[in-house]
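In this note's numbering, the protein residues as written are -7 to 375.
Yeah, the Cβ is synthetic: ideal placement off N, Cα and C, and Gly gets one too.
Every value quoted in this text rests on a predicted model; they were computed, and no experiment measured them.
Below is one structure, written out as structure tokens; comments come after it.
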Ligand SMILES: Cc1ncc(COP(=O)(O)O)c(C=O)c1O
């Protein structure tokens, strides 16, 4: 206990007990190649790295995407944008777009860090004009049109006024116009309506202003199912990370999971018939049984809704997870005989064992949430 503060270093503690997320840069690179091959060569790709690159680690993922030739990045807000600008060693010319509509107090940080700001309304535009002029700088903006997602954006009917006002503002530069689809995995239908509204508006603006602007809309679902939506740039998120936006997505690419979450066996015990496991005693041993305790729980992102539903892979064998998932540990049934040892690796999901999509299905959610839920306690190991 001497000198605890002065000598404290987590690095000294062997990391073996920890739950790790292995992140394969090779698989990420392959997924980018598949996406690039599927869209035409002229279409730019914006790498969506919001929410810590869907849990994979935004700084390393963005740097790897830049190595693949990607120069545009999408994040949720100014905080994620600054983290990326400051930490990812991207080239200065990399464009980072924050999708959120900013609070007025955030505007000056877009200027300071060279982040593209999403503009959805005239009040923000007026504030942005003033702030940019006061700093003697030009603020890059991208206008978000709400064509039917019903989340963020200006209505098509109001958008010409906003766009023309940007053109009249010497301290604002229009870098793009974009929209977002509500059900892009379904061919035709509502997505076609959204796209028609977007294309009509952007054509009207380009005709009236005599200039062309970068137009983008396609998320992963639209990349797969709506070729006509690719325009100047596509914005894949989930496809980069090796999953399809929905199980029923009709068009598919051979993308592979980029993340594999592995933990360790930390305890093995033998139970007799009738002994119970975990909170609320939902599982009881049908006979003599070996049970392994694994060092991961819902605080690591292994959903409590998975209790008693999923399997865990140890030495290539799938063992049923039993009883309630706890905050820091889960238990698996090794059966009546086993060759498992304390310290052995246990795969929770990834390219081996169950995929994030399968776990999501069992937990009643989607792969996006399973990936984003992998918590900061889980160490990312880039391989
Ligand atoms: C504005 C925007 N574009 C693109 C994406 C990427 O979506 P996906 O992961 O389905 O490709 C998202 C993610 O939700 C988004 O919010």
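Notebook entry, point to check: Thinking C-beta only, is residue 62 closer than 9 Å to residue 37?
Noted result: yes
Checklist line | Span of the alpha helix (DSSP H), counted from its first residue to its last, around residue 337 | finding: No alpha helix (DSSP H) holds residue 337; the beta strand (DSSP E) holding it covers 337 to 341.
Checklist line | Three CB pairs or more closer than 8 Å across the stretch 305 to 318 and the stretch 218 to 225 | finding: no
Notebook entry, point to check: Taking 8 Å as the cut-off, does the CB of residue 105 come closer than this to any heavy atom belonging to ligand 1?
Noted result: no
Note to self: My output table needs one value for residue 211: the three-state DSSP class, helix, strand or coil.
What the structure shows: coil
Item checked: Any non-hydrogen atom of ligand 1 closer than 8 Å to residue 376 Cβ -> As displayed, the chain neither begins before -7 nor continues past 375, which places residue 376 out of reach and without an answer.
Next item on the list: Note the first and the last residue of the continuous beta strand (DSSP E) segment covering residue 252.
Entry: 251 to 263
Check: Rounded to whole angstroms, how far is the Cβ of residue 251 from the Cβ of residue 345, which I believe are closer than 8 Å?
Finding: The pair is not a contact, with the Cβ atoms about 12 Å apart (cut-off 8 Å).
Check: Is it true that the CB of residue 127 sits closer than 9 Å to the CB of residue 177?
Finding: no
Checklist line | Residue-chain proximity (residue 292, chain D), Cβ-Cβ < 9 Å | finding: In the structure shown, chain D does not exist; there is a single protein chain.
Margin query: Based on DSSP bridge pairs, tell me the residues matched to residue 91.
Written below: Residue 91 pairs with nothing; no bridge assigned.
Note to self: At a threshold of 8 Å, does residue 294 count as lining ligand 1 (C-beta to nearest heavy atom)?
What the structure shows: no
Notebook entry, point to check: With a Cβ-Cβ cutoff of 9 Å, do residue 209 and residue 227 count as a contact?
Noted result: yes
Note to self: Just verifying my parser: in three-state terms, what is the DSSP assignment at residue 235?
What the structure shows: coil
Notebook entry, point to check: Taking 8 Å as the line, does the beta carbon of residue 213 fall inside it for any heavy atom of ligand 1?
Noted result: yes
Item checked: Of the residues 374, 363 and 86, the one placed nearest residue 229, counting alpha carbons only -> 363
Check: In or out: residue 71 buried (at least 16 other Cβ within 10 Å) or exposed?
Finding: exposed
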